[in-house]
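Below: one structure, written as structure tokens.
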Amino acid sequence: MRPWRDWPVRARLTLLAAIVMTLLCAGLSALIVTSIHSERSTELNRRNHDANMRTAGLLARGQLTPVHTERGIAALQVIDPAGRIVSASANMRGRPPMAFFVPTEERMGRMETLCHMRDFAGTCMLVSVQRVPRRDGDWIIYSAAPAYPWYVSGRLLAGVLAGSTLLIGVTAFGAYRIVGRSLKPVEAIRAHLCKITSTDLGHRVPVPAPRDEIQELACTVNQTLDLLQAALQRERRFISDASHDLRSPITAMRAQTEEALLHPDDADWPATATATLDSLDRLQAIVTDLLTLSCLDAGAAGAAAAPVDLEDLISCELDHCPHKLNIIRDLEPAVVRGDRLQLIRLFTNLVDNAERHAACTVTISLSAQSGQAVLVVSDDGPGIPVDQRERVFQRFARLDDARNKDTGGTGLGLPIARQIAEQHGGTLTIEDSDQGARFVARIPLYTAHPRPPAHQTAG
55 MRPWRDWPVR ARLTLLAAIV MTLLCAGLSA LIVTSIHSER STELNRRNHD
105 ANMRTAGLLA RGQLTPVHTE RGIAALQVID PAGRIVSASA NMRGRPPMAF
155 FVPTEERMGR METLCHMRDF AGTCMLVSVQ RVPRRDGDWI IYSAAPAYPW
205 YVSGRLLAGV LAGSTLLIGV TAFGAYRIVG RSLKPVEAIR AHLCKITSTD
255 LGHRVPVPAP RDEIQELACT VNQTLDLLQA ALQRERRFIS DASHDLRSPI
305 TAMRAQTEEA LLHPDDADWP ATATATLDSL DRLQAIVTDL LTLSCLDAGA
355 AGAAAAPVDL EDLISCELDH CPHKLNIIRD LEPAVVRGDR LQLIRLFTNL
405 VDNAERHAAC TVTISLSAQS GQAVLVVSDD GPGIPVDQRE RVFQRFARLD
455 DARNKDTGGT GLGLPIARQI AEQHGGTLTI EDSDQGARFV ARIPLYTAHP
505 RPPAHQTAG
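In terms of my numbering, the sequence shown opens at residue 55 and continues consecutively.
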């Protein structure tokens, strides 16, 4: 038999409903039987008491012989102060006393249920005793009636069992049907999900009409499928663009080499080697950026996060690297917590992009605003249309008017920069500018400790 946790949900809920209803029926049946038993026993006690009182009246009038039993009373006995049975019902004449308990001094009557009586074998009897004081002493009157069993009667027990069984069965059947109808949309969702493959993500699961958890599940599944389809389309475009960008330097190297081999005596081999190295440099840059993106996508961290002085970092990079254009810097102190190498990559990617598109000037500013380090890199180039600002952060995406002019980029620098900013809890966006493009990176400031000395962050 399978473990409980491996049962289908429909079976588990049906069994659970049946168990709960069984417990309710058991409690209700016990309450009904107990109430009826108590009511019948009280009525029987009253009959016994009435029979004793009527017999006491006969005793007072001297009319004891013969003693007749009434409806529901099985036996009567009258015992004088000497302990002799002076009168009895027909079935108890010549028999010994049916009981030997007597009322206490404080009370005139007493009742007990006796089983295993000699004269009523196999039946429990409710025996009532009444003490009647007279001049010659206390007389004792016994009356007995069959006691009700705990289930009162076979008909009552059968009725309770039949009703409980019917109610449990109806509950189990209803739970089975209701759970089945509730899970029917889930089965439809499962069936549609089985039809979805990596080559066909156009299927969507049906959304049921009731606004319940199943509808929320279906909507969430469809949203997830939309995201998966969009991600797969981006991946396919990325693979296509990567193949194109990787093929370009390879094609150039092949063409240059084949042309030199066709005319080896006339070929300028140093120039061919230089051109080949340029193509290899571009190929290496693309592969390096692809590897960086792969590491960022996998969440691979560089060095352990530590306080980084962005002012010192930017100054060092600008001082150590030659630039062809005019660089204007406006730097204020700003310390963040992160991976220094990744932050250097973010900055250099933004500067490289600005230099490729600027006319003559690149402006770099750093400030601390509202708990964030704000790095702004702007150029005086043609700028980026508002509707194209998010597109430049897509991998291998370039603006149409910039492709012919921009021959030095890999199409991955800006996506890498944005992903680094996001991994540091920040953002990288393009904001409005009077001229050219204005890239703004915001990263939370590190405030747990004072700003570290320059020699600790200069590398």
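Positions of the beta carbon are idealized from the N, C-alpha and C atoms, including for glycine.
Who does residue i pair with in a DSSP beta bridge?
| i | result |
| --- | --- |
| W193 | V186 |
| P498 | Q426 |
| Q283 | In the DSSP output, where bridge partners are listed per residue, Q283 has none listed. |
| M165 | S182 |
| F174 | M171 |
| T514 | Because the chain here runs from 55 to 513, residue 514 falls outside it and cannot be looked at. |
| G148 | Its beta-bridge partners do not exist; DSSP assigns none. |
| V132 | S141 and I195 |
| L420 | L385 and L429 |
| T251 | D254 |
| R492 | S432 and E485 |
When the Cα of residue i is compared with those of the options, which residue comes out closest?
| i | options | result |
| --- | --- | --- |
| R244 | R265, L271 and P264 | L271 |
| I133 | G126, I127, R149 and R125 | R149 |
| L190 | A114, R265 and M107 | The displayed chain sequence assigns Asp, not Leu, to residue 190. Ranking the options by Cα distance to D190, first place goes to A114. |
| R161 | T311, P187 and R301 | P187 |
| M146 | T177, Y196, L112 and F155 | Y196 |
| C375 | T330, I470, E409 and A72 | E409 |
| Y500 | D335, T278 and A422 | A422 |
| L77 | Y230, I222 and H317 | I222 |
| R288 | Q448, R125, D104 and R100 | Q448 |
| H411 | E476, D433 and R291 | D433 |
| A128 | G116, P135, R101 and F154 | R101 |
| F292 | D488, A71, R94 and T464 | T464 |
| A309 | D320, V446 and T326 | T326 |
| P262 | C273, G467, G217 and L337 | C273 |
| L468 | V405, T330 and D488 | V405 |
| W193 | L367, G116, R265 and L220 | G116 |
| L215 | L347, C79, W61 and A360 | C79 |
| T328 | Q396, S95 and M307 | M307 |
Using the rule of at least 16 other Cβ atoms within 10 Å of the residue's Cβ for burial, across every protein chain shown, is residue i buried or exposed?
| i | result |
| --- | --- |
| P239 | buried |
| V74 | exposed |
| E365 | buried |
| D343 | buried |
| I382 | exposed |
| I304 | exposed |
| N407 | buried |
| R431 | Sequence inspection shows Val at residue 431; the Arg mentioned does not correspond to that position. Answer is buried; the Cβ neighbour count reaches 16. |
| G208 | exposed |
| W323 | exposed |
| C248 | exposed |
| F450 | buried |
| C414 | exposed |
| N458 | Note that N458 has pLDDT 41, beneath the 50 cutoff, so the model's placement of it is unreliable and the number below is only indicative. So N458 ends up on the exposed side. |
| V341 | exposed |
| C169 | exposed |
| S143 | buried |
| Q27 | Residue 27 lies beyond the stretch modelled for the chain, which goes from 55 to 513, so this question has no answer here. |
| L420 | buried |
| H509 | Unreliable placement is indicated for H509, whose pLDDT of 42 sits below 50; the coordinate value is still reported in the next sentence. So H509 ends up on the exposed side. |
| T417 | buried |
| V224 | exposed |
| T158 | exposed |
| L367 | buried |
| T219 | exposed |
Which residues in the same chain have their Cβ closer than 6 Å to the Cβ of residue i, if we skip the five residues on either side of it in sequence?
| i | result |
| --- | --- |
| L394 | Looking at the sequence itself, residue 394 is Arg, so the reference to Leu does not match. Cβ within range, chain order: V362. |
| A242 | P260 |
| R496 | Q426, V428, G480 and T481 |
| V315 | According to the sequence as given, residue 315 is Leu; it is not Val. Nothing listed; no residue qualifies. |
| P178 | One detail in the question is off: residue 178 reads as Cys in this sequence, not Pro. So the qualifying residues of the chain are T167, C169 and A201. |
Leaving out five residues on either side along the sequence, give the residues of the same chain with a beta carbon under 7 Å from the beta carbon of residue i.
| i | result |
| --- | --- |
| P498 | V390, G425, Q426, G479 and G480 |
| E371 | I398, F401 and T402 |
| T68 | A226, A229, Y230 and V233 |
| S369 | L385 |
Leaving aside the five residues before and after residue i along the sequence, list all residues of the same chain whose C-beta is less than 8 Å from its C-beta, in chain order.
| i | result |
| --- | --- |
| F227 | none |
| L211 | V87 and Y205 |
| N99 | M165, L180 and S182 |
| R443 | T483 and I484 |
| I250 | H257 and L279 |
| L350 | I470, Q473, I474 and Q477 |
| L286 | S252 and L255 |
| R64 | Y230, V233, G234 and L237 |
Please determine if the region 136–143 and the region 156–173 are in contact, where contact requires at least 3 C-beta pairs separated by less than 8 Å. no
Could you tell me whether the region 82–95 touches the region 202–210, where touching means 3 or more Cβ pairs closer than 8 Å? yes
Can we say the region 77–85 touches the region 95–114, given the rule of at least three CB pairs closer than 8 Å? no
Taking 8 Å as the cut-off, does the region 427–441 touch the region 481–495 (at least 3 CB pairs, one atom from each stretch)? yes
Any 3 or more C-beta pairs closer than 8 Å across the region 277–297 and the region 247–259: yes
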